[in-house]
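Here is the structure we will look at.
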Amino acid sequence: MQTLQRRIEAGDYPPGTLLPSENQLIQEFGVSRPTVVAALRMLREQGWIDSQQGKGRFVRGRPALASLEQSRPGHAYLTSAETPSAELLEVGAVALPNRIAALLDLPPKSKAFLRRRLVSRGDEPSEIVSLWLPLDLSEGTNLTSAEPLAQGIREHIQARKGVRFDHVIEQITARMPTSDEVKQLGMPKNTPVLDVYAAVRDPGGRPLAVLAVVLPADRHELEDAYPIG
0 MQTLQRRIEA GDYPPGTLLP SENQLIQEFG VSRPTVVAAL RMLREQGWID
50 SQQGKGRFVR GRPALASLEQ SRPGHAYLTS AETPSAELLE VGAVALPNRI
100 AALLDLPPKS KAFLRRRLVS RGDEPSEIVS LWLPLDLSEG TNLTSAEPLA
150 QGIREHIQAR KGVRFDHVIE QITARMPTSD EVKQLGMPKN TPVLDVYAAV
200 RDPGGRPLAV LAVVLPADRH ELEDAYPIG
């Protein structure tokens, strides 16, 4: 999907032209038909292309709302370097919570790699960011180091492990904080938190990682934008 977006922006596929067929994209990228169909559906929903029954998919161009895609929490934590001011709370192999196990398609209570940091904005704790990985993906990386990553998580893991981050499925839920979260975030115990779960998958849909971000609800506002055409 990102490659097609870049080609549209570069003018390789000008507005009004016919996009390559599903079969052509399957052959070029070496992925399954469901993956191609899902990418094309997302491009259509975001306003990059339009579908005409019996004719194919036509390029519309870069949508006006495309720049707002970068504001999604999961994307920001995957692509940005770690802030030096963040405090490392926990790192190592730990038992998986049920929800994270389901998102990684691993057995409940099995072990996975966890890197958890407390991020501050200004002088105030802002969020708790937890990166969960299958153990084999954490080996040979710098994720066990107490030093902050100088590059984004996505870039680091892809370079070290040869995997490809293709898409993210993001879920947001609300709940009351745990006693540890109240203490770490310096927040009232009766204030809810938002849980942002960003499940990262490869082009074939295989789970690669999960980012779980805990946000005090009184300090954050999440915004999204999408076309209605």
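For the sequence shown, numbering that gives the first Met the number 0 begins at 0 and goes up steadily by one. Glycine included, each C-beta is placed from N, C-alpha and C at the ideal position.
Secondary structure of residue i, DSSP reduced to three states
i	result
T290	Nothing about residue 290 can be read from this structure; the chain reaches only from 0 to 228.
D179	helix
R200	strand
L77	helix
H155	helix
A208	strand
Terminal residues of the alpha helix (DSSP H) in which residue i lies
i	result
E86	Looking at the DSSP string, E86 is not in any alpha helix (DSSP H); the run it does join, the beta strand (DSSP E), is E86 to A94.
E8	Q1 to A9
L18	That residue, L18, is in no alpha helix (DSSP H); it is neither H nor E in DSSP.
S137	L134 to S137
R98	N97 to L103
Nearest-angstrom Cα separation, counted from residue j out to residue i
i	j	result
L102	R174	19 Å
P14	V212	38 Å
E27	S20	11 Å
T82	K110	27 Å
P124	T177	15 Å
R116	I127	6 Å
L17	I152	35 Å
P96	L77	21 Å
Enclosing beta strand (DSSP E) for residue i [first to last residue]
i	result
R116	K110 to R120
**Asked** Along the chain, which unbroken stretches of the beta strand (DSSP E) at least 3 residues long are found entirely within the segment 24-59?
**Response** 48-51 and 55-58
**Message:** For the pair the segment 30-41 and the segment 128-135, tell me if three or more CB-CB distances fall below 8 Å.
**Reply:** no
**Message:** Below 8 Å, how does it come out for the segment 84-102 and the segment 198-213: are there three or more Cβ pairs, yes or no?
**Reply:** yes
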